[in-house]
Amino acid sequence: MVVKINENYLLLQNSYLFAEIAKRVEKFQEENPNKDIIKMGIGDVTKPLSPTVIKAFKDAVDEMGDPNHFMGYGPEQGYAFLQEAIIKHDFNPLGIDLDIDEVFVSDGAKCDTGNIQEIFSNDCVVAITDPVYPVYVDTNVMAGRTGPINESGEDEGRYDGLVYLPCTEENDFVPELPKEDVDLIYLCFPNNPTGTTLNKDQLSKFVKYAQDNQAIILFDAAYEKFITEDDVPHSIYEIEGAKEVAIEFRSFSKTAGFTGTRCAYTVVPKELKAYDSEGNKQSINKLWNRRQTTKFNGVSYPVQRAAEATFSESGKKETEENIAYYMKNAEVIKNSLEKIGLKVYGGINSPYIWIKTPNNMDSWDFFDLLLNEANVVGTPGAGFGPSGEGYLRLTAFNTLENTKEAMKRLSKLSF
Ligand code: MLT
Numbered sequence: 000m001v002v003k004i005n006e007n008y009l010l011l012q013n014s015y016l017f018a019e020i021a022k023r024v025e026k027f028q029e030e031n032p033n034k035d036i037i038k039m040g041i042g043d044v045t046k047p048l049s050p051t052v053i054k055a056f057k058d059a060v061d062e063m064g065d066p067n068h069f070m071g072y073g074p075e076q077g078y079a080f081l082q083e084a085i086i087k088h089d090f091n092p093l094g095i096d097l098d099i100d101e102v103f104v105s106d107g108a109k110c111d112t113g114n115i116q117e118i119f120s121n122d123c124v125v126a127i128t129d130p131v132y133p134v135y136v137d138t139n140v141m142a143g144r145t146g147p148i149n150e151s152g153e154d155e156g157r158y159d160g161l162v163y164l165p166c167t168e169e170n171d172f173v174p175e176l177p178k179e180d181v182d183l184i185y186l187c188f189p190n191n192p193t194g195t196t197l198n199k200d201q202l203s204k205f206v207k208y209a210q211d212n213q214a215i216i217l218f219d220a221a222y223e224k225f226i227t228e229d230d231v232p233h234s235i236y237e238i239e240g241a242k243e244v245a246i247e248f249r250s251f252s253k254t255a256g257f258t259g260t261r262c263a264y265t266v267v268p269k270e271l272k273a274y275d276s277e278g279n280k281q282s283i284n285k286l287w288n289r290r291q292t293t294k295f296n297g298v299s300y301p302v303q304r305a306a307e308a309t310f311s312e313s314g315k316k317e318t319e320e321n322i323a324y325y326m327k328n329a330e331v332i333k334n335s336l337e338k339i340g341l342k343v344y345g346g347i348n349s350p351y352i353w354i355k356t357p358n359n360m361d362s363w364d365f366f367d368l369l370l371n372e373a374n375v376v377g378t379p380g381a382g383f384g385p386s387g388e389g390y391l392r393l394t395a396f397n398t399l400e401n402t403k404e405a406m407k408r409l410s411k412l413s414f
């Protein structure tokens with residue numbers, strides 16, 4: 000007898016996109032130790048946790064060392080103080096009511112958007128926008144919901160069995176509704192990687208599709224705090240009836256600097272139902288609760304107190320200042336690149352800027368050019384899916400100084 004592996008893993012691309020980029024950048028740095036590389040690739044924040052957050056974090060650590068306040072295992076779904084704060088500050092102002100047991104605190108939207116698929120049948124047909132955050136695709140590949148990736152032909156770069164909804168400049172980055180029947184639709188708006196958004200009308204069409212076709216939308220709203228325009232929904236539950244068809248993912252990572260601290264949450268409304276093989280309606284909330292209580296032991300108490308502090312008056316103010324700082328970077332990037340004649344998208348309601356490569360250059364060639372000639376790291380659009388070919392993503396998460404320096408270097412390149 001030999002031990003057999005989950006062969007679905009063999010269908011995956013060699014390495015996870017951001018791991019591949021890190022490898023290439025490391026190699027470049029080794030070969031060019033004196034070059035000062037500016038990283039605008041992975042969307043990792045540069046601003047430290049804010050003073051209010053740090054105070055709450057430290058106070059909670061002190062409590063953990065106090066025999067009268069020490070906390071052991073917490074609730075797998077998160078402490079009520081954080082769930083309540085989330086509902087009060089992130090949803091009630093939008094006119095959305097949620098029960099506390101509809102909010103599941105976790106250690107990241109990456110984990111939640113990756114794990115959610117396991118409570119659905121392996122027969123489910125999955126639709127993704129293209130380009131897309133690779134976690135949605137890879138986790139469905141691992142689960143066996145796809146065939147192999149096409150290496151050539153008109154479906155090159157697409158996995159068999161997945162439904163792709165292209166988002167390119169041709170359709171203003173607004174995905175069309177699926178033409179075929181699909182069960183699960185991953186949507187991320189403001190979008191990673193394109194930085195573009197859907198307005199209420201456009202999102203309503205997806206909610207209606209889901210209602211009409213008994214589909215479920217997995218709505219990643221990790222970047223909602225970066226929205227600056229009025230008609231852009233912050234939550235899918237702003238659309239009537241969405242609680243019956245959508246799960247929403249949110250994160251403290253990009254908004255409050257928790258990429259290294261880890262805290263996020265997922266909303267699973269109790270109205271949301273799917274079917275077993277006998278046609279009985281089952282509660283998705285119950286299944287996710289069962290999954291989390293089995294496989295997850297909660298986010299640490301100090302981290303949850305730190306996350307709660309982002310909702311205090313001073314915490315909110317500091318968080319807003321940090322977001323404004325990144326959005327200023329986004330503006331600098333957008334304006335500088337437009338000045339040198341590049342076509343850029345996003346950056347208005349999102350910290351991502353999606354650049355059309357000049358002269359139809361291929362994404363990875365443009366990535367190499369920026370790395371070699373300007374020592375600036377971006378993320379090649381093709382890494383996010385076949386419709387990302389011909390684009391490159393820059394993030395606004397570096398410092399203002401580095402962002403300006405990167406733009407200075409790019410403006411010296413000739414394309
Ligand atoms: C990105 O750069 O797309 C994100 O930082 C990745 C992530 O949030 O996991």
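The sequence shown lines up with residues 0 to 414 when you count with numbering that gives the first Met the number 0.
Every residue, glycine too, gets a C-beta built ideally from N, C-alpha and C.
None of the values given here were measured: they were computed from a predicted structure.
{"Check": "Just to confirm my understanding: we take Met-63, look at its own chain, exclude 5 residues before and 5 after, and list those with CB closer than 7 Å. What are they?", "Outcome": "Phe-69, Met-70, Tyr-300, Pro-301"}
{"Check": "Could you tell me whether the region 316 to 334 touches the region 162 to 180, where touching means 3 or more Cβ pairs closer than 8 Å?", "Outcome": "no"}
{"Check": "When the Cα of Glu-30 is compared with those of Glu-400, Asn-374, Ser-413, which residue comes out closest?", "Outcome": "Asn-374"}
{"Check": "For Val-124, collect the residues of the same chain with a Cβ closer than 6 Å to its Cβ; drop the 5 residues on either side in sequence, then sort them by chain order.", "Outcome": "Val-181, Asp-182"}
{"Check": "Which residues mark the beginning and the end of the alpha helix (DSSP H) in which Val-44 is found?", "Outcome": "First-last for Val-44: undefined, no H or E at that position."}
{"Check": "Just verifying my parser: in three-state terms, what is the DSSP assignment at Ala-245?", "Outcome": "strand"}
{"Check": "List the whole-angstrom C-beta distance separating Trp-353 from Arg-392, where the pair is believed to meet the contact cut-off of C-beta under 8 Å.", "Outcome": "6 Å"}
{"Check": "Relative to the alpha-carbon of Ala-142, which residue among Ala-405, Gly-77, Glu-6 has its alpha-carbon at the smallest distance?", "Outcome": "Glu-6"}
{"Check": "Straight-line CA distance for Thr-318 to Asp-111?", "Outcome": "23 Å"}
{"Check": "Measuring only from the beta carbon, is Asn-191 closer than 7 Å to any heavy atom that is part of ligand 1?", "Outcome": "yes"}
{"Check": "Is the closest heavy atom of ligand 1 to the C-beta of Asp-200 under 7 Å?", "Outcome": "no"}
{"Check": "Examine the Cβ distances between the region 96 to 103 and the region 69 to 85 and report whether three or more of them are shorter than 8 Å.", "Outcome": "yes"}
{"Check": "Whole angstroms are fine: how far does the CA of Gly-42 sit from the CA of Pro-268?", "Outcome": "29 Å"}
{"Check": "Looking at Tyr-236 and Glu-247, is the spacing between their C-beta atoms short of 8 Å?", "Outcome": "yes"}
{"Check": "Assuming Gly-194 and Ser-349 form a contact by the criterion Cβ under 8 Å, report the distance between their Cβ atoms to the nearest whole angstrom.", "Outcome": "4 Å"}
{"Check": "Less than 8 Å between the C-beta atoms of Ala-263 and Ile-215, yes or no?", "Outcome": "no"}
{"Check": "What do you reckon, is the C-beta of Lys-224 under 7 Å from a heavy atom of ligand 1?", "Outcome": "no"}
{"Check": "How about the region 301 to 317 and the region 272 to 287: do they share at least three Cβ pairs that are nearer than 8 Å?", "Outcome": "no"}
{"Check": "Quick one, which of Ser-120, Tyr-15, Pro-47 has its alpha-carbon nearest Thr-260's?", "Outcome": "Pro-47"}
{"Check": "Just checking my contact of Glu-75 with Gln-281 at CB under 8 Å: how many whole Å lie between their CB atoms?", "Outcome": "Their Cβ separation, rounded to whole angstroms, is 20 Å, which puts Glu-75 and Gln-281 out of contact at 8 Å."}
{"Check": "Answer with buried or exposed for Glu-337, where buried requires no fewer than 16 other C-beta atoms within 10 angstroms of its C-beta.", "Outcome": "exposed"}
{"Check": "Closer than 7 Å to a non-hydrogen atom of ligand 1 - does that hold for the CB of Lys-22?", "Outcome": "no"}
{"Check": "Skipping 5 residues on each side, what residues in its chain have a beta carbon closer than 7 Å to that of Asn-121?", "Outcome": "Ala-142, Gly-143, Arg-144"}
{"Check": "Could you have a look at Gly-240 and say whether DSSP puts it in helix, strand or coil?", "Outcome": "coil"}
{"Check": "Which residues bound the alpha helix (DSSP H) around Asp-137?", "Outcome": "133 to 141"}
{"Check": "Select from Ala-108, Lys-199, Ile-118, Asp-159 the residue whose C-alpha is nearest the C-alpha of Tyr-222.", "Outcome": "Ala-108"}
{"Check": "Would the C-beta of Asp-219 count as close to ligand 1, meaning under 7 Å from any of its heavy atoms?", "Outcome": "no"}
{"Check": "Less than 7 Å between the CB of Phe-17 and some heavy atom of ligand 1, yes or no?", "Outcome": "yes"}
{"Check": "Tell me which residues share the same chain as Ala-305 and place their Cβ nearer than 6 Å to its Cβ, disregarding the 5 neighbours each side in the sequence.", "Outcome": "Val-52, Ala-55, Phe-56"}
{"Check": "Residues in its own chain within less than 7 Å of Ala-241 by CB, not counting five upstream and five downstream?", "Outcome": "Val-206, Ile-235"}
{"Check": "Our contact map puts Asp-129 next to Cys-166 with C-beta atoms below 8 Å; I'd like the distance itself, whole angstroms only.", "Outcome": "7 Å"}
{"Check": "Mind reading off the beta-carbon distance from Val-131 to Phe-396? Whole number of angstroms is fine, and I expect it under 8 Å.", "Outcome": "Actually they do not touch by this definition, with Cβ atoms about 20 Å apart."}
{"Check": "So, Ala-381 versus Ile-37, is the Cβ gap smaller than 8 Å?", "Outcome": "no"}
{"Check": "With distances taken Cα to Cα, identify the nearest neighbour of Leu-412 among Thr-254, Leu-93, Gly-113, Asn-371.", "Outcome": "Asn-371"}
{"Check": "Under DSSP, the alpha helix (DSSP H) around Thr-402 begins and ends at which residues?", "Outcome": "399 to 410"}
{"Check": "Is Asp-43 near ligand 1, going by C-beta to nearest heavy atom under 7 Å?", "Outcome": "yes"}
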